[in-house]
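Scroll down for the structure; my scribbles are underneath it.
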């Protein structure tokens, strides 16, 4: 990584008061050693997300709900050479950012991190193992794996598609054709909250929706199904 290369961290939020402070505290610690820019793009939260984020973040941008649009808005405001997209419930490991720096220095222009869950039960370790294999062998990345991309590549690709679901998978399909992608040899820890309605039920739903997306089912339909499946 060229000295003084600037990294813009872009975090889309919607009612994330339970998680956002912990992540921003970690990122602010990194700012003491690296040129980081922090951008939170809030999709009309009704809790204290914006208030909390404003204490720690240079830019807290209002946006309409929709992760693809929020990510694109953050990218337009960003001034960094590298865009790093994080979910609000992500937590860094001590070597996460240094390994990202090393990957970029070695020539990676896009990629993601390995994933692990805050819950150490076997089922979550199994899900994380599968996610990491998918990322390594198929270069198919989910948003909770901390997708990163060189700014120029991001704009050559036209950014994220502003679709209601699978914007991360769709973006990674285009990214691997344009960038030198790498799965960083370090972990991001994420909350297992998406599985709160049942692990196997949610896992099956997610895989079914991904298959339907690959078969070109309208993402609007998939988003409705996803919402019903989580009720």
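Residue numbers (the numbering used here): 272 to 502. All residues carry an ideal CB built from backbone N, CA and C; glycine is no exception.
Limits of the unbroken alpha helix (DSSP H) element including residue i
i, result
"residue 404", "393-409"
"residue 369", "367-376"
"residue 388", "Note, residue 388: premise wrong, no alpha helix (DSSP H); beta strand (DSSP E) at 381-388."
"residue 276", "From DSSP, residue 276 is part of no alpha helix (DSSP H); its letter is neither H nor E."
"residue 476", "470-485"
Residue from the options whose Cα sits closest to the Cα of residue i
i, options, result
"residue 300", "311, 327, 287 and 289", "327"
"residue 289", "276, 484, 476 and 461", "461"
"residue 313", "336, 454, 294 and 295", "336"
"residue 307", "338, 331, 355 and 334", "355"
"residue 414", "471, 378, 491 and 386", "386"
"residue 427", "472, 292 and 381", "381"
"residue 395", "482, 474 and 295", "474"
"residue 363", "392, 388, 276 and 339", "388"
"residue 341", "398, 434 and 397", "434"
Contact set for residue i: own chain, Cβ-Cβ below 7 Å, skip 5 residues either direction
i, result
"residue 261", "Past the edges of the chain, shown from 272 to 502, lies residue 261, and the structure says nothing about it."
"residue 273", "Model confidence at residue 273 stands at a pLDDT of 47, short of 50, so the residue's coordinates are unreliable; what they give is reported in the following sentence. Same-chain partners within the cutoff: there are none."
Three-way DSSP call (helix, strand, coil) for residue i in this model
i, result
"residue 290", "coil"
"residue 329", "coil"
"residue 502", "Legend: pLDDT at residue 502 = 46, less than 50; position of this residue unreliable, value from coordinates given subsequently. Correct three-state label for residue 502: coil."
"residue 419", "strand"
Own chain, CB closer than 6 Å to residue i, minus 5 neighbours either side, in chain order
i, result
"residue 502", "Confidence at residue 502 is low in this model, with a pLDDT of 46, below 50, so the placement of that residue should be treated as unreliable; the coordinate-derived value is given next. Nothing meets the Cβ criterion."
"residue 500", "With a pLDDT of 48 at residue 500, under the threshold of 50, the modelled position of that residue is not reliable, and the figure given next carries that caveat. Cβ within range, chain order: 476."
Boundaries (first-last residue) of the beta strand (DSSP E) holding residue i
i, result
"residue 340", "Counting along the chain, residue 340 falls outside any beta strand (DSSP E), though it belongs to the alpha helix (DSSP H) covering 338-348."
"residue 458", "452-461"
"residue 307", "307-313"
Spatial neighbours of residue i in its chain, beta-carbon cut-off 8 Å, leaving aside the 5 residues before and after
i, result
"residue 286", "316, 317, 318 and 320"
"residue 478", "none"
"residue 464", "360"
"residue 350", "277, 279 and 308"
Requested in this report: Please determine if the region 352-367 and the region 418-433 are in contact, where contact requires at least 3 C-beta pairs separated by less than 8 Å.
Outcome: Yes, the region 352-367 touches the region 418-433.
Query raised in the report: Is the region 432-444 in contact with the region 367-375, if contact means three or more CB pairs nearer than 8 Å?
Result: Segments in contact, no.
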